[in-house]
Amino acid sequence: MITNGQNQVIYPGLEDHPDHDLLKSISNKDYGYGGMLCLDMETEARAYKLMNLLQNHTQFGLMAVSLGYYETLMSCSGSSTSSEMNEEERALAGISPGLVRMSVGYSGTLEQRWAQFEKALSRLQDSGLLSKN
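Position one of the sequence shown corresponds to residue 0 (the working numbering), numbered consecutively onward.
Below is the structure:
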């Protein structure tokens, strides 16, 4: 898990994730840890601002409710796939209002995706919605 000021990246491929060892033990070492990750933006407004930048300004991916597609998809779980849960249930499950789930697709290269992602984060920082720490 990577924490940047207020924000967290939740990805079991990171060594400090609590389930990293389990994932490592069941994963095919030739395929890595997968393309699913979460970024906690804390608020729904910040989550949608990030996803809007990723979709409309950097062409990183598409906003969607379901993450099952070959293109990169992203959703704000609290207001989409987990909206049937009440606030207490979402908190117990670790789903903040600003949790963005992403499924990185097959199109483009990792370098292209990373550059698009960094560009969107830079715009968020410039707008004051993301700390630069």
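We put the beta carbon where it would ideally sit given N, CA and C, even for glycine.
Secondary structure of Asp-20, DSSP reduced to three states: Of the three classes helix, strand and coil, the one that applies to Asp-20 here is helix, per DSSP.
Ser-134 versus Asp-39, Ser-74, Gln-54, residue with shortest Cα-Cα distance: Look at the range of the chain in this structure, 0 to 132, and you will see that residue 134 is not part of it.
For Asp-39, the first and last residue of its enclosing alpha helix (DSSP H): Looking at the DSSP string, Asp-39 is not in any alpha helix (DSSP H); the run it does join, the beta strand (DSSP E), is 35-39.
Those residues which DSSP pairs with Val-99 across a bridge: Its beta-bridge partners are Leu-38, Cys-75.
For Gly-104 and Leu-53, believed in contact at Cβ under 8 Å, the rounded distance: The Cβ separation is near 13 Å, so there is no contact.
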